[in-house]
Amino acid sequence: MTTYRVTHRTTYTYDDDVTTSFGRAHLLPRTQPDQRCADARVRLDPEPDELREHTDAFGNRSTYFCVRRPHRELTVLAQSTVTVDRAVVPPALRPWEEVRAAVPVEARPFVLPSPRLPVQVGVAAYAAPSFPPGRPLGEAAADLCRRIHDDFDYVSGSTTVRSTVTDLLTGGEGVCQDFAHLAVAGLRSRGLPARYVSGYLETLPPPGKPKLRGVDASHAWFSVWTGDGWLDLDPTNDRVVDEQFVVLAHGRDYGDVPPLKGVIFTDSAESVMAVSVDMERVEEG
Amino acid sequence: MHDEMRDGTGAVRPLWAGLAGVLDGAGPDGLAARRADTRRLLADDGVAYHPPGAETEQLWELDPLPLIIDGAEWAGLERGVAQRAELFDRLLRDLYGPRSVITRGLLPVEVVDGHPGYLHAWRRPAGAPARRELFLSAVDLGRSPDGWVVLDDRVQAPSGAGYAMANRRVVARVLSALHRRSGIRRLGPFFEAMRTGLRGGRDPEDQRVVLLNPGPDSETAYEQALLSALLGVPLVLGSELTVREGRLWQHTLGRLDPVDVVLRRLDAEWCDPLDLRPDSRLGVPGLVETARLGTVSVLNGLGAGVAENPGLVPFLPALCRALLGEELLLPGTPTWWCGDPRAFAHVRARLDELVLTPVVRGGQAVRGAGLSAAQREDLLARIAAEPHAWAAQREPVLSTAPTITDAGAADRPVALRTFTVASGTGWEVLDGGLGSVPAGTLLRDGVATPAKDVWVVGERAEPTGRPVFGTDEAVPAPAPGGVSPRVAEDLFWLGRYSERAEDTARLLRAVTDRWADFQSTPDPAGANALRALLTATTATTRTAPGFGPLLADAHRVAPDGPAAISAELRSLLRDRDRAGTLGFAVHRLTRAAQAVRELLSTDTWLVLGRLDAVLADITTEDASDGLNRVLEGLLALAGIAAESLVRDAGWRLLDAGRRIERAQHVVALLRATLCDAPRGPADRLVVESVTIAAESVITHRRRNAGRPGVAPLLALLLTDGENPRAVAYQLARLTDDLAHLPGTVPEALDAAVRALAEADLVAVTARDSASGTRPALRALLTGLGADLDRLADEIAAAHFAPVRGPRPYDPLVAVAS
């Protein structure tokens, strides 16, 4: 069991006044069997006129805000204390075809294409080699995860939030969001339910060095239905999701769970965004 | 095949005897005449349709021969479509709530979650009360050899009820005798039921309803405006609404009014750029949030699109039994949902007999028949890649009914769109509908044309107990509350362009008269006066270089001048793409009128339609005659504005627009003609032309007989508070108009009033001894012109919608460690 204090700060700077800013955030960690969240809140500067939270269709915490004070800088600060308990990796030993043949109704929507992951050329062919007949699902998914990690280069800034899986397959480079999307689409092409997960990964400093502030980052990975539950794997780092990960939200694809999105009213032509994330371990006791 | 008019033996069915008599009696010429009457009446009523992709609106297409349905048969259809409305409302409530039809195995989850019309953002939070999901629904029906069958369900934001009313108004006149004696049920009560349903039995002040629409360029802008008038509900754009304090508000001049109900004519995905399509500029950020909070009712619910999935059709009988405990009354078109492996196998085997359609509306349907082997394989592979996204339907054979074609009356397949509305006490079905002569039956187009009126004949067997309301000419209730900034802006420009068109027409008439005189009897004074007028025309209409280059030689018109001058005159008359011309002003005037058509009387379209026709025929040779007819039309418009509009804030802005434009025109005309005017005989001619152009010739002659000269003319056109053409008069009207609007009186208006009051009209006419020009007059008029421009800007800033639109900001880019 590990407890973190997570601080996620986003600052937008504009070159002209923004008169009104409407926003939707998925910045507060969801509570689920392997993760508990206490005292989480979103704060804004300038003060918002409205700030409201609800649980969305996927069980995520969704925050609505509206700032009506003219501003040239908007800061969205999310802070939470999260305890994760992922000591045991769930087994996933059923053959993948058996899982596919018995998907429960709650998981079936996650087999379908989704707005950002329509049926795309090349995805099924890419995924196929990881799924020989009879292979246990956990092994197949881990193989797909490893292949994505090996086949593609992680290049920060190489893609945008609008990049498609086809861009990744043809360009050969991307970021965690693209890797997660490819894995999700690949699993769905085999008829398996898969979700996109948004969250954080703790960064450990090199041995002997102190941890710097702001070096953590928002992250994304995928989750696959095993027949008994959901198994989370991180293709960016080729890892099973363990206690160094904190889940924010999950959905069909990125579009369901962007950490922050919004609509502004402004004449401003340029805006600059800066993000910093800190995951600080909180000692038990 | 069933024919609506004749039975199997070819005999006319009794119901159709009257129409058959009309057809027999009319002959080919008579039918052509009915068709021409129909077009003329449609044009007079301004009934328009904007096909997707077309640049402008087109005249609505209507076949005057109605589709006639017996009241007893109608009762069955009525029960069927009302049942369907109830079924879809219950289904939607379930799908956005507990989703029990999915967990109970009545509906595959892929039919729901695999359809883009299913909006997760619309899901009700656990424990939230159910809300009305369906208010207005439409069912497209056709009569197959086996009886009536549902071709399509429209539950997103159905169009056509307003067109049904427009059709009736025209056909009732084209076939007036038959219409009167046929015992046709009225359409008006349906709109009354709709109004009652929207208001929920509350006063307009307590239950504020708006009609959200995509704007005057949308496909069915005409109908949206008509509905707004029929329902007494203001037509609003997304930019006129705003979300704050967890509620939806409408911007009206100077205040915000809370909105309780949004009747939407905007497809769901465009309604909220925050939670739905981020690139939508038509929606309201936060609308989904307010609906989730339950502070506003959006009708139909934003998630209704999922019920337009043709893949639902095979499951409706079971859903109807489960949700309503009834058998489904109206059969659907035989449909196979490819997400079901057995159905897909059937589709593979019977591809030739089926139409394959993506479940998303707007997707390209494909007829199986006639595909090559390769095309067939390609199609089947596409379906196999996402079978849940495809449905296959057997195209029904539709019944036929007589329709007027170029070759006289002919039998054509017909279809019928019915409308059902939740009135509060129950589902009310429109006693009629939007008939059509569709090109294809299952190709899921928008509105199919040509349209047909639908006559339901015979009294109801049992009284329904619903209130009977007036006549078909449903009385438009005034929309409650104020005028929105968008409407304010459009009315202001309607006023300005009306006046601009009128001023330009008068000026061009004066110029073309002088030009005709000069061409017949050229003399130096006439030439000089003509030059002055042509120069003034270019300056006043802001169309430089215009006549300028043609008049470069100070003493004569260039050899090729006459032709070039004629060409420029023609452009000034007709070129609607060039700012400053008469054609441009009339075109903009029409557009402004279309943008606020729900507020204008139907006579407006009568006048605008004629105006367009006159302008299209106008030539430079007999321009005077054409311009007189244009002026007649514009004066009629001014008359409608003066006599048929309520003196509310909207009218004040319309009038303010007209006044500013007229004042600017007079100032520009005087500046262009008098400041540099030549001395001598031409001066008199110029003065005379100016008074003609400024519509003050009679007054000028009467008052200033024997007092030629510029000072009296200036007094008449600048400071005379009694002359409705004088600048001082316009300023007085502006002062009054602005006093009736919220906010303070603009500084520019005070400045202009002061400048006029302080002007010495004799002193300013003095000429500079060296140049012969009138610098003091120029300074006065330039100052006045600047004040007026500033005044227009100040009115815009105070009352119009901000230009600023919503913009999505980039979501956070996920960055990995």
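Residue numbers (the UniProt record's numbering), protein chains in the order written: chain A, 1 to 285; chain B, 1 to 817. Yeah, the Cβ is synthetic: ideal placement off N, Cα and C, and Gly gets one too.
| request: Could you tell me whether the Cβ of Pro210 (chain A) comes closer than 8 Å to any Cβ of chain B? | output: no
| field | Start-to-end residues for the alpha helix (DSSP H) that takes in Gln244 (chain A) | value | Where Gln244 (chain A) is concerned, there is no enclosing alpha helix (DSSP H), given that its DSSP letter is neither H nor E.
| Which residues mark the beginning and the end of the alpha helix (DSSP H) in which Asp44 (chain B) is found? | Ala17 to Asp45
| What is the C-beta distance between Ala595 (chain B) and Pro216 (chain B), in whole angstroms, given that I count them as a contact (C-beta under 8 Å)? | 4 Å
| Would you say Leu274 (chain B) faces chain A, with C-beta separation under 8 Å as the test? | yes
| request: Could you tell me whether the Cβ atoms of Ile404 (chain B) and Leu65 (chain B) are closer together than 8 Å? | output: yes
| query | Using the C-alpha atoms, what's the distance from Ile698 (chain B) back to Gly785 (chain B)? | reply | 26 Å
| message | Just verifying my parser: in three-state terms, what is the DSSP assignment at residue 300 (chain A)? | response | With chain A running from 1 to 285 in the structure shown, residue 300 (chain A) is simply not present.
| query | Does the segment 651 to 662 of chain B come close enough to the segment 497 to 515 of chain B that 3 or more CB-CB pairs lie under 8 Å? | reply | yes
| task | Let me know if Val149 (chain B) comes out buried or exposed under the rule of 16 or more other beta-carbons within 10 Å of its beta-carbon. | result | buried
| message | Rounded to the nearest angstrom, what separates Gly10 (chain B) and Val103 (chain A) at their Cα positions? | response | 59 Å
| request: Using a threshold of 8 Å, state whether the C-beta atoms of Val165 (chain A) and Ala185 (chain A) are closer than that. | output: yes
| query | Can you find a C-beta in chain A that's less than 8 Å from the C-beta of His120 (chain B)? | reply | yes
| request: Under 8 Å between beta-carbons, which chain A residues line up against Ala385 (chain B)? List them in chain order, please. | output: Val119
| said: In whole angstroms, give me the CA-to-CA distance for Val468 (chain B) and Ala539 (chain B). | reply: The predicted model places Val468 (chain B) with a pLDDT of 32, which falls under 50 and marks its position as unreliable; any figure quoted below should be read in that light. Those two C-alpha atoms are separated by around 60 Å.
| task | Check whether the Cβ of Arg146 (chain A) sits closer than 7 Å to any heavy atom of the ligand MG, and report yes or no. | result | Among the components modelled here there is no ligand, and therefore nothing to report on the ligand MG.
| request: Run down chain A in chain order and give the residues with a C-beta less than 8 Å from the C-beta of Asp113 (chain B). | output: Arg108, Pro109 and Leu112
| query | Is there a Cβ from chain B that is less than 8 Å from the Cβ of Arg24 (chain A)? | reply | yes
| task | Sort B:Leu713, B:Val288 and B:Pro129 by Cα distance to Asp683 (chain B) and report the nearest one. | result | B:Leu713
| field | Burial state of Arg671 (chain B) (16 or more Cβ within 10 Å) | value | buried
| query | So, helix, strand or coil for Tyr49 (chain B), using DSSP? | reply | strand
| message | Would Pro90 (chain A) and Asp238 (chain A) be called neighbours here (beta carbons separated by less than 8 Å)? | response | no
| said: So, with DSSP's three-state summary, where would you put Thr19 (chain A)? | reply: strand
| request: Kindly say whether Ala797 (chain B), judged by its beta-carbon, lies nearer than 8 Å to any beta-carbon of chain A. | output: no
| message | Judging by CA-CA distance, which residue of B:Thr537, B:Asp720 and B:Asp206 is the nearest neighbour of Asp296 (chain B)? | response | Contrary to the premise, residue 296 (chain B) reads as Val rather than Asp in this sequence. Nearest of B:Thr537, B:Asp720 and B:Asp206 to Val296 (chain B), Cα basis: B:Asp206.
| task | Tell me, please, whether the CB atom of Val105 (chain A) is closer than 8 Å to any CB atom in chain B? | result | yes
| Do you know how far the Cα of Gly255 (chain A) is from the Cα of Val284 (chain B)? | 19 Å
| request: Spatial neighbours of Arg181 (chain B) within its chain, please: CB distance less than 8 Å, with the 5 preceding and 5 following residues excluded, ordered by chain position. | output: Gly18
| Looking at C-alpha atoms only, which residue of A:Ser268, A:Met279, A:Leu144 and A:Gly171 is the closest neighbour of Trp221 (chain A)? | A:Leu144
| task | Under the assumption that Ala166 (chain B) contacts Arg417 (chain B) (Cβ atoms under 8 Å), give the Cβ distance between them as a whole number of angstroms. | result | Contact flag wrong, Cβ pair sits at about 14 Å.
| How many Å lie between Glu722 (chain B) and Ala728 (chain B) at the Cα? | 9 Å
| said: Whether or not the segment 168 to 178 of chain B and the segment 351 to 370 of chain B are in contact is what I'm after, with contact meaning three or more pairs of Cβ atoms, one per stretch, closer than 8 Å; do they touch? | reply: no
| message | To the nearest angstrom, how far is the alpha carbon of Val257 (chain A) from that of Leu293 (chain B)? | response | 20 Å
| field | Counterpart residues of Pro746 (chain B) in DSSP-defined beta bridges | value | Answer by DSSP bridge pairing: none, since Pro746 (chain B) is not bridged.
| said: Am I right that Leu434 (chain B) and Ala451 (chain B) are in contact with their C-beta atoms under 8 Å? What's the rounded C-beta distance? | reply: 6 Å
| At what residues does the beta strand (DSSP E) containing Ser189 (chain A) begin and finish? | Counting along the chain, Ser189 (chain A) falls outside any beta strand (DSSP E), though it belongs to the alpha helix (DSSP H) covering Cys176 to Ser189.
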